[in-house]
Amino acid sequence: MAALTRRADAGSDAGDALWLRADPAHVAPDLNGARLLGWGEGLGLDTLDAQALLPVLKPLFGDAGYQLDAPHPARWYLRLPAGTPLPEFTAPEDALGDDLFNALPLGEDPVSRRWRALITEVQVALHHHPWNRARTDHGRPAVNSLWFWGAGVAPDSVQSSYMNVRSPDPLVQALAGEAGAATATPATAADTPPGAVGDSLVDLRHLRSLEVLGNQVLPPLLASMARDEFDTLLLDFEDGTRLHLRRGQRWRFWRSPLRSLDA
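Per this note's numbering, the sequence shown starts with residue 807, numbered consecutively.
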């Protein structure tokens, strides 16, 4: 995953190196240890943050032959030699709010111990950094850790049946770009490119409201169908439910349910 998003963020070939996400993170202590409270885009970062913090972090990894860079303010990367052994890392969305101990490499093997030591060194360096004091003085969370996850190498190729992809997810955009699809972050929940040719995918996983789905997403999609911009609408839900709507059926979606025959 890291190799794909790195190539999309940097606009350059990821080569055959092993890439690891090293996203800026904010952890907070509590009575039982510490918890991950935010990472990446949730911290409100810009290029100035990376410019201020990277110089103190790069030497920590350079001694091990790792290269740290930040082609995107919220997505930082480590480039490692191909074949570098790594422990198992936890994705940040799976660790958010959880005890940090449960998300760290837990093995007693040399690789796990080395990465735990690196994480500690990173946290010490960031804790004393004046840039973080300035962030907290302005009411912004400190970047006091890095979150390692998503290790991988770039695939040889990616294929997709979709020619147009609209998603706020950097990984989805990266995969679509590798497959040659037109990509963008939707301006609205159901935004599709005007005059789009071929099958289109609109990623709605970030929605958390049925009201938004019914009032903001479906009406413009049905309107596009009425203009003959596409023939079929497929709603594919995470629980496996699939709704397949064809052009001639578009108004049936809004029909009120029949009253009970017993009424």
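The beta-carbon is built from N, C-alpha and C at its ideal position, and this holds for glycine as well.
Being a predicted model, the structure only gives us computed values, none of them experimental.
The beta carbon of R1053 lies closer than 6 angstroms to those of M1031 and D1037 in the same chain, with the five residues before and after it left out. For R1033, there is no enclosing alpha helix (DSSP H), as DSSP gives it neither H nor E. Under the DSSP assignment, P830 falls in the beta strand (DSSP E) whose first and last residues are L824 to D836. Residues of the same chain with a CB within less than 8 angstroms of the CB of R922, apart from the 5 flanking positions on each side, are L910 and P911 in chain order. For Y883, the pairing in a beta bridge is given by DSSP as R827 and D875. Within 10 angstroms of the beta-carbon of N938 lie 16 or more other beta-carbons, which makes it buried.
DSSP places F867 in the uninterrupted alpha helix (DSSP H) bounded by T853 to G868.
Taken in chain order, the complete beta strand (DSSP E) segments of 3 residues or longer contained in the stretch 912–962 are 951–958. With respect to the 8 angstroms criterion, V949 and L849 are classified as neighbours on the basis of their beta carbons.
D1009 carries a coil assignment under DSSP once its states are collapsed to helix, strand and coil. Straight through space, the alpha carbons of L1027 and A876 are spaced by roughly 37 angstroms.
Distance from the CA of G868 to the CA of V928, rounded to the nearest whole angstrom, comes to 13 angstroms. When C-alpha distances from A840 are compared across I925, V1023 and D904, the shortest belongs to D904. Counting of Cβ neighbours within 10 angstroms places R1011 among the exposed residues, the total staying below 16. Taking the CA atoms as reference points, R946 sits about 35 angstroms from T890. A828 and H934 have their C-alpha atoms some 19 angstroms from each other. By the C-beta density criterion, S1015 is exposed, having fewer than 16 other C-beta atoms within 10 angstroms. Per DSSP, the beta-bridge partners of A990 are R972. In the displayed model, A840 falls within a strand according to three-state DSSP. Rounded to the nearest angstrom, the gap between the Cα atoms of E894 and V978 is 23 angstroms.
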